[in-house]
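Protein chains in written order, with our numbering: chain Z, -3 to 204; chain H, -3 to 204.
Positions of the beta carbon are idealized from the N, C-alpha and C atoms, including for glycine.
These figures come from a predicted structure and were not determined experimentally.
Number of protein chains: 2
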Amino acid sequence: MTLRPRPAAPAPAAPARTERQRARRRRILDATTRLAAAGGFDAVQMREVAESAEVALGTLYRYFPSKIHLLLAVLQDQLGQLHATLSERPLTERDPAERLVHTLKRAFRSHRREPRLAEAMMRALQFADASARDEVGAVSRLTTELLVDASGLSETQAAAHVSAIRVIRHTWHATLLYWLSGNISLAEAHTDVETACRLVGGASSPPP
Amino acid sequence: MTLRPRPAAPAPAAPARTERQRARRRRILDATTRLAAAGGFDAVQMREVAESAEVALGTLYRYFPSKIHLLLAVLQDQLGQLHATLSERPLTERDPAERLVHTLKRAFRSHRREPRLAEAMMRALQFADASARDEVGAVSRLTTELLVDASGLSETQAAAHVSAIRVIRHTWHATLLYWLSGNISLAEAHTDVETACRLVGGASSPPP
DNA sequence: CCGGACTCTGAAACGTGTTGCAGTTTACTC
DNA sequence: GAGTAAACTGCAACACGTTTCAGAGTCCGG
C-alpha cells in the first residue's frame, strides 16, 4: 500500500469525475464570489464559504488547498467572463495602444461595480507565495491573452511586445490594487495605464 | 476596521519621547529584519519578534499596530539605506533611462543577497490594506525619490515624467515579487525593467 | 448486488495574528 | 520626594486559516 499523503485533488488537471463534483466546485466558487463581493478579502472566511456552499470544511480544502488558491480560482473565473464580455463588443480603434487603453478602462469600470470582489482577488494575487505558482501563472497567461486580443496585434507583432505587455499587466494590477486601497485616484490609475500602453506601437525591444 | 481606542502610539508623528523608546523601536526593527532575512514573511512571528527584541507583545503592538505596519517600517528603513548606498557611488551614464536601468539592476543585486527579507517586505507592501495607507504612501514617496535621484532628471523634467516613474515603480515591485516567488526568471525581470525605463527620455505625456 | 477504494462529513484541535486587562515601572510635575 | 498619567509587562483569550481523523456516503468494476 503506498501512503499518499493527499490523493490528487479533483480540481486542477482532472475536471471533476462526477457531475456532483462539478456542482460542488461551482457552489464553492459562487459562495466565495458572493462573500468577496459583499465584504472583500477578510469576509471570505473558509468556514463561511464551506457553510454557504453546503460543503464540509475538509472538502473545501480538498478542492482548494488554501484561501489564496480559492481566490485565484475565482479570479480565473472572472477573467474568463471579462474576456468573453470584451469580445462581444469589439473595439473600433485601430491603434493598438489606444485599444489597450480603452480595454483597461472598461476593465476598471467593471471593477467599480464590485470593488470588494476585485480587492479580494487582487490581494490574493499579490499575496500568493511559491505554493500557488501554477495558479499565478495561469492568471498571468489569461491576462496576457486578454491583452493581446484587445490590442489587435498579430501573433508576430505581439511576440515583439511580450515585455511591454507584461509591463502593462503589472501596471494594471498595481494601479488597480492601489486604487482599491484608496492610495491613488482613478484619474491617476488611468494616467499610469495610458503611460504604460505607450510602450506598444512604438519600436520593439532594441537589439541587445 | 475598528476605530482604535488605543492612545496614540509613539511611532508615527512623535519620534519617541525617550531614549529608551528609540532604542526599543530599533531593537524591534532589527529583530524583525533578522527574522525576515532568515525565514521570510512567515518567519516574522509577532511573539518571536517581541521576545527577540526583549519587549512585551502588547508593547510591540503599541509601536506597530500590525505585522504589515511592522514590515512596512522595515521596508522604509531598508529603502533609506539603499538610497544612501546608491548615492555613495554616483552613476556615470548620462541617459536617464540607462541610469534608471542600472540603478534597478543594482537594487535587484542587493536583494539577491537577502531574498527572504525582500520577499517579506514586498509581500507586506502588496498585501497592505487601507489601514496602512500612510505607510504605503511613505514607501511610494521614498521609492519615487530614489528613482528621481537615480535618473538624474531635473525637477521640471522629472515632473513631466511622474507617471512614467510610477509605472517603473510598479514594474520594479511587481517583477521583484514575481522573481522572488519563482514566477519569472531574473532575466525576464531585467527585460521588463528595461522596457519600462524606455518610458523616460522619450516624449512626455501626450496632450489630452 | 458486493466489496473495495475513494470522497465527503462533522467536529475537534493547532498555530499565529490580534486584543484585553490587572498590575508594575517609568517619566514628568509640583 | 510624592503623586499622577502614561508606558510597559505578562498572560489569558479570541478569531480565523489550516490540519487531522473516524465514520458515513458514493462510485465503480466484477
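Practice item. Spell out whether any CB of chain H is found under 8 Å from the CB atom of D91 (chain Z). Key: no
Check your understanding: So what's E122 (chain H) in DSSP terms, helix, strand or just coil?
Key -> Note that residue 122 (chain H) is Gln in the sequence shown here, rather than Glu. Correct three-state label for Q122 (chain H): helix.
Check your understanding: Which residues, taken in chain order from the segment 126 to 137 of chain Z, show a beta carbon closer than 7 Å to some beta carbon of chain H?
Key -> A126, R129, V132 and G133
Review point. Since V97 (chain Z) meets chain H, which of its residues come closer than 7 Å, beta carbon to beta carbon?
Key: What V97 (chain Z) touches in chain H: nothing, since even the nearest Cβ is about 11 Å away.
Review point. For D91 (chain H), which three-state DSSP category applies?
Key: coil
Review point. Which same chain residues, not among the five before or five after H65 (chain H), have their C-beta less than 7 Å away from its C-beta?
Key: A128 and E131
Point to revise | H107 (chain Z) in three-state terms, based on DSSP | key: helix
Check your understanding: Can you tell which of H:H79, H:T171, H:R119 and H:R109 has its C-alpha closest to the C-alpha of T140 (chain H)?
Key -> H:H79
Review point. Excluding the five sequence neighbours on either side, which residues of its own chain have a C-beta within less than 6 Å of the C-beta of A39 (chain H), listed in chain order?
Key: L31
Practice item. Going by CA-CA distance only, name the one from H:R95, H:R58, H:R194 and H:R162 that's closest to G133 (chain H). Key: H:R162
Check your understanding: Quick one: which chain H residues come within Cβ less than 9 Å of Q182 (chain Z)?
Key -> Checking the displayed sequence, the identity of residue 182 (chain Z) turns out to be Leu instead of Gln. Ordered by position in chain H, no residue passes the 9 Å Cβ test against L182 (chain Z), which lies about 14 Å from the chain.
Review point. Around the Cβ of S181 (chain H), are there at least 16 other Cβ atoms within 10 angstroms (buried) or fewer (exposed)?
Key: exposed
Check your understanding: Given that a residue counts as buried once 16 or more other Cβ atoms are within 10 Å of its Cβ, and exposed if not, what is S83 (chain Z)?
Key -> exposed
Exercise for review: Would you mind reading off the limits of the alpha helix (DSSP H) that contains T14 (chain H)?
Suggested key: First-last for T14 (chain H): undefined, no H or E at that position.
Check your understanding: Using a Cβ cut-off of 8 Å, which residues of the segment 33 to 50 of chain H contact any Cβ in chain Z, in chain order?
Key -> F37
Exercise for review: Could you work out which residues of chain H lie near G178 (chain Z), taking near to mean beta carbons separated by less than 7 Å?
Suggested key: A126 and R129
Practice item. Report yes or no: do the segment 111 to 120 of chain Z and the segment 52 to 69 of chain Z share at least 3 C-beta pairs separated by less than 8 Å? Key: yes
Check your understanding: Sorted by chain position, which residues of the same chain lie with C-beta nearer than 8 Å to G35 (chain H)'s C-beta, five sequence neighbours on each side aside?
Key -> R112
**Study point:** With 16 other Cβ atoms within 10 Å as the buried cut-off, status of T14 (chain H)
**Key:** exposed
Review point. H169 (chain H) versus chain Z: which residues are under 9 Å apart at the beta carbon?
Key: H166 and A170
**Study point:** R137 (chain Z) in three-state terms, based on DSSP
**Key:** helix
Review point. Taking C-beta to C-beta, are L143 (chain Z) and L96 (chain Z) nearer than 8 Å?
Key: yes
Review point. In the structure shown, what three-state DSSP assignment does G197 (chain H) receive?
Key: coil
**Study point:** Candidates Z:A114, Z:T55, Z:E151 and Z:N179: closest to Q72 (chain Z) by CA position
**Key:** Z:A114
Exercise for review: Quick one: list the residues of chain Z neighbouring R162 (chain H), beta-carbon separation under 7 Å, in chain order.
Suggested key: D188
Practice item. Write down the C-beta distance between H107 (chain Z) and A170 (chain H) rounded to the nearest angstrom, noting that I regard them as a contact closer than 8 Å. Key: Incorrect: roughly 18 Å between the Cβ atoms, too far for contact.
Exercise for review: May I ask you to verify whether the segment 16 to 24 of chain Z touches the segment 41 to 49 of chain Z, counting CB pairs closer than 8 Å and requiring at least 3?
Suggested key: yes
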